[in-house]
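Visitor:
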Amino acid sequence: MNTDHLRAFVAAVDEGTFESASALLQISGSAFSQRIKALEREVGHVLLTRTVPVAPTESGAELLRIARQTVMLEDEARRSLGFHRIPGEAAPTVTLSVAVNADSLASWFLRVLQEAATWDDVELHFYAEDQEHTHELLRNGTVAAAVAENPTPVSGCRSTVLGVMRYWPVASTELLDRHRSPGRVVDWQRVPLVEYGIRDSLQRTGLRRLGVSGTPTTHMVPSVEAYNAAVGYGLGWGMIPESMMPPGVREGTHPDLAVVEEIGLQETVLHWQHWSSTTAVMDRLTGAVRRAAARMR
1 MNTDHLRAFV
11 AAVDEGTFES
21 ASALLQISGS
31 AFSQRIKALE
41 REVGHVLLTR
51 TVPVAPTESG
61 AELLRIARQT
71 VMLEDEARRS
81 LGFHRIPGEA
91 APTVTLSVAV
101 NADSLASWFL
111 RVLQEAATWD
121 DVELHFYAED
131 QEHTHELLRN
141 GTVAAAVAEN
151 PTPVSGCRST
161 VLGVMRYWPV
171 ASTELLDRHR
181 SPGRVVDWQR
191 VPLVEYGIRD
201 SLQRTGLRRL
211 GVSGTPTTHM
221 VPSVEAYNAA
231 VGYGLGWGMI
241 PESMMPPGVR
251 EGTHPDLAVV
261 EEIGLQETVL
271 HWQHWSSTTA
281 VMDRLTGAVR
291 RAAARMR
């Protein structure tokens with residue numbers, strides 16, 4: 001397949017419109033459309049919906065990962081060989097898209113960003129998604145690598161264990177006191193909880209441990225810092241990563257917050273999944289992720 005056609009296909013998916021994608025590639029709109037049409041003729045399938053934003057069709061989703069890998073390999077080869085498309089133009093930057101759960105991105109994964117700040121040949125695109133679902137982005141070709149809970153490697157990928165993230169159920173003592181019965185038992189059916197998003201299942205898993213099958217009042221707070229603050233303010237109880245626990249909570253000396261002992265610690269084993277094709281850029285990123293994960297706690 002023509003790599004220019006594959007590059008146009010990837011750009012259309014990432015940019016969302018043919019106009020933005022053609023501007024990114026610095027070609028005319030008609031030339032861009034011709035590249036997409038030529039690729040579709042070659043594979044015998046419509047690859048993109050002509051909607052706003054543009055989206056891959058079922059056939060396009062199957063091709064997307066291969067297209068991204070091909071583009072990345074070409075860019076890395078051109079850079080390592082010093083071969084540029086236009087004499088005098090800058091060496092191509094290799095783009096790596098990575099899916100990371102929000103808690104990791106806000107904690108131990110920051111060390112990866114610190115290392116990447118010294119790289120001048122890589123462009124990183126991060127997607128925040130729950131660790132139970134990041135592998136889906138890897139499977140459909142949206143990303144080249146992912147921090148995932150699922151240990152089974154996606155087809156064409158490798159999977160290695162990174163370590164364990166520990167989550168503690170935390171609530172304000174005032175919130176718990178408001179929902180205690182005369183016998184001092186907390187009515188967990190009525191205690192509000194805080195979730196990061198609709199795919200955040202940690203709190204529901206905790207409630208199942210207590211035998212609670214109903215749905216308490218649930219607040220959605222899709223920001224790690226705001227989520228932890230919401231729990232601290234007593235908006236609801238929630239699972240907080242061990243590395244982000246306020247001082248004194250685990251020790252039982254915090255004046256306002258407490259660990260919910262009856263729910264207890266939850267542990268999530270994280271894995272690093274990435275394309276099997278070996279490149280210097282991917283190896284460098286993988287090394288940075290492993291070093292950061294070694295200091296996860």
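In full-length UniProt numbering, the protein residues as written are 1 to 297. Glycine included, each C-beta is placed from N, C-alpha and C at the ideal position.
Please state if the CB of Thr173 and the CB of residue 305 are separated by a distance shorter than 8 Å.
Guide: Residue 305 lies beyond the range of the chain shown here (1 to 297); nothing can be said about it.
Visitor: Contact between the region 238-250 and the region 119-134 is defined here as three or more beta-carbon pairs at a separation below 8 Å; is this criterion met?
Guide: Touching, no, given that fewer than three Cβ pairs across the two stretches are closer than 8 Å.
Visitor: Can you tell me the Cα-Cα spacing of Glu40 and Asn2, whole angstroms?
Guide: For the purposes of this step, residue 40 is taken as the residue at position 40 of the sequence shown. For the purposes of this step, residue 2 is taken as the residue at position 2 of the sequence shown. Each residue's Cα considered, the two are about 12 Å apart.
Visitor: Assuming Val164 contacts Glu267 under a Cβ cut-off of 8 Å, what Cβ separation, rounded to an integer in Å, is found between them?
Guide: Taking the sequence shown and counting its residues from 1, one reaches residue 164 at position 164. Taking the sequence shown and counting its residues from 1, one reaches residue 267 at position 267. Going by Cβ atoms, the distance from Val164 to Glu267 rounds to 5 Å, so yes, they are a contact pair.
Visitor: Candidates Thr51, Asn101 and Asp120: which alpha carbon is nearest Asp200's?
Guide: Along the sequence shown, one-based indexing puts residue 200 at 200. Among Thr51, Asn101 and Asp120, the Cα nearest to that of Asp200 is on Asn101.
Visitor: Classify Pro56 as buried or exposed, calling it buried when 16 or more other Cβ atoms lie within 10 Å of its own Cβ.
Guide: In the sequence shown, the residue the question calls residue 56 occupies position 56. With 16 or more Cβ atoms within 10 Å of its Cβ, Pro56 is classed as buried.
Visitor: Could you give the first and the last residue of the continuous beta strand (DSSP E) run that contains Ser172?
Guide: By 1-based counting over the sequence shown, the position of residue 172 is 172. Looking at the DSSP string, the run of the beta strand (DSSP E) that includes Ser172 is Cys157 to Ser172.
Visitor: Please name the residue, chosen from Val231, Gly29, Leu193 and Ile66, that lies closest to Thr142 on a Cα-to-Cα basis.
Guide: For the purposes of this step, residue 142 is identified with residue 142 of the sequence shown, where counting begins at 1. The option with the nearest alpha carbon to Thr142 is Ile66.
Visitor: Does Glu15 come out as helix, strand or coil in the three-state DSSP assignment?
Guide: By one-based count along the sequence shown, residue 15 stands at place 15. Collapsing the DSSP output to three states places Glu15 in a helix.
Visitor: Please classify Ser104 as buried or exposed, where buried requires at least 16 other C-beta atoms within 10 Å of its C-beta.
Guide: The residue labelled residue 104 in the question sits at position 104 within the sequence shown. With 16 or more other Cβ atoms within 10 Å, it is buried.
Visitor: Applying the 10 Å Cβ sphere with the 16-neighbour rule, what's the burial state of Gly206?
Guide: Residue mapping note: residue 206 aligns to position 206 of the sequence shown, counting from 1. The residue is buried, with at least 16 neighbouring Cβ atoms inside 10 Å.
Visitor: How about Ala144 and Met220: are their beta carbons less than 8 Å apart?
Guide: Here residue 144 is taken as the residue at index 144 of the sequence shown, counted from 1. Here residue 220 is taken as the residue at index 220 of the sequence shown, counted from 1. No, these two residues do not count as a Cβ contact at 8 Å.
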